[in-house]
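To get this note's numbering, take the position in the sequence shown, counting from 1, and add 5.
Each residue gets a CB set at the ideal place from its N, CA and C atoms; glycine is no exception.
Computed from a prediction, not measured in an experiment: that's the story for all the values here.
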Amino acid sequence: GGGGGGGDDGGGDATDERAEEERERERVVDRGAMRHAEPGEFTRRAFRNGKLDLTQAEGLADLLDAETTAQRRQALKLSGGEMRRAYDGWRARLIAAAAHVEAVLDFGEDAAIADDVFRAVAPDVRALAASLEEHLRAPRSAHELVRRGFRVALVGAPNVGKSSLLNALAGRDVAIVSGTPGTTRDAIEVPLDLGGYKVVVTDTAGVRDDVEDDVEREGIRRSERSARDADFVVGVVDASVGVGVGVGAAALPGWAAAPDLTVMNKIDLIGTSKSLKGGGDGAVVGVSCATNEGVDAFAAALRDAVESRVGAGNSRGAVDVDGVAITRLRHRARLEECVHHLRRFDSIATMEGKTNGRGGGHELAAEELRLAATAL
C-alpha cells in the first residue's frame, strides 16, 4: 500500500510542477516580457536572417498546403534547398564567365586575348542557355501540375450522369443528382487524391442547343471554358441511347468531340458484353453509377493519365534541369530573364568571333553576364 501511495504522490508532484510552469509562463506573458509567436513568425525571421532563402520559404508554404503524397514530396525537395543549390551553381558559372570577360577590360583589350576568352567562355554559356530554354518551352511543367492539381473536366449532354459519376468517384454526394435536365448550372470542382496526385475534377453543366434559360446558357458557356482550361477532358455519354462507332462524338458538343477519355455511362441498362466505342482517339471506359461497375477502372484511367503526363514531361527533359522544380510563375519569369541576357551575350560573342576579338563588345558582354547572374 505504501509503495502505491508513493507512486501516486510522484505523479501528483509532476502534474503540479507542470501546472506551476504553465502558470509562470502565463504570468511572464501578462507582464509583457514575452509573447506568443505569430503565425509564420519563425519562418519570416529565418528568411530575414538568411537561414532560409525565398525558394525554401515557398517550399515550406507548399508543404503546409500539400494535400497529396506527390505534393509533399515535391515541397520537401524545394524546402530542402534543392532549387537554391541549382541556382547557386548556375550563378557561379555565370560569375566565372563574367570574371574572364572582365579580365580583358582590366588587363588591356588585346585582340588575341579577347578572342581566346570569348572562345573559352561562350560554349558553356550557350550550353546553359540552351538547357534553360528547353526547360522553359514546356507550357506547363509536371511540377506545376503536381502543385496546383491535374484538372479534369466532365462534359456531355444533360442527364448522361456526369454528376452521378463525380459522386461515385468522390465516394460521397458532392453534386446534386436529378432527372430534370439542366440541374447543374455552374461548374462544381472537387479535389481528389488519386494515386498520390491531386486531381481536381469539374462537373460541368449539360450541353444542349435548345436552351432558353439565360442561367443555363451561362452554365453551358462556363462548361466550354472549363473544358478548354482542363488538362484532361472526359466526355460522358449515355450508353443506353446506343453504342457503336461515332456515337460518342455525336453525343458531345463540337468543342469536346475528341475527348481524352470517353465514359459510356449506364452500361447496366445495356449489358457490358456489347462493344463500346467513344468519340475521338481517346480510350473508352464503361461505367454504371447505379452499380459502381467500372468506377475503379475510370479512377485508374485518370491516375494513369496523370502519371503519363508527368512522366512524359520528365522524359522530354522539359521539366527537370539539374533536378529543379519550376512550381511558380516567379521561377519561370526569372529563368526567362536570365535566358534573355544569355542570348544577348551570345550575339555579342558571335560578333567578336567574326572580328577576332576586335568588335569592342567586351564591356557589354560582361554586363549581360552580370545581369543574367542577377536574374538568378
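Query: Segment limits, beta strand (DSSP E) that includes K203; Result: 202-208
Query: P44 classed as buried or exposed, judged by whether at least 16 other C-beta atoms fall within 10 angstroms; Result: exposed
Query: Sequence-distant residues of the same chain with beta carbon closer than 6 angstroms to A80, five excluded per side; Result: G64, D67, L68, A71
Query: Spatial neighbours of D236 in its chain, beta-carbon cut-off 8 angstroms, leaving aside the 5 residues before and after; Result: R145, L150, F155, R156, V157, R314
Query: Endpoints, the alpha helix (DSSP H) within which R78 is located; Result: 74-84
Query: The segment 161-176 touching the segment 225-241, judged by at least three CB pairs closer than 8 angstroms; Result: yes
Query: Identity of the residue in D265, V290, A263, P264 nearest K271 by Cα; Result: V290
Query: Span of the alpha helix (DSSP H), counted from its first residue to its last, around T1; Result: As displayed, the chain neither begins before 6 nor continues past 381, which places residue 1 out of reach and without an answer.
Query: Under 9 angstroms between C-beta atoms of V292 and V268; Result: yes
Query: Pair within 9 angstroms by beta-carbon distance, Y202 and R77; Result: no
Query: For E229, the nearest candidate out of V204, P264, A380, L199 (CA to CA); Result: P264
Query: Rounded separation between L59 and R375 - CA only; Result: 21 angstroms
Query: Residue interval of the alpha helix (DSSP H) (run including N172); Result: 167-175
Query: Selection from G176, A210, E372, P196 that minimises the alpha carbon distance to A162; Result: A210
Query: Proximity of L137 and C343 at Cβ, strictly below 9 angstroms; Result: yes
Query: For D219, the residue or residues it bridges with in DSSP; Result: Paired residue(s): none; D219 is not in a bridge.
Query: Residue interval of the beta strand (DSSP E) (run including R156); Result: 155-160
Query: Beta-carbon spacing of A134, L347 below 9 angstroms; Result: yes
Query: Cβ neighbour criterion (16 or more within 10 Å) applied to L340; Result: buried
Query: DSSP state of G5 mapped onto helix, strand, coil; Result: The structure shown does not extend to residue 5, since the chain spans only 6 to 381, so no value can be given for it.
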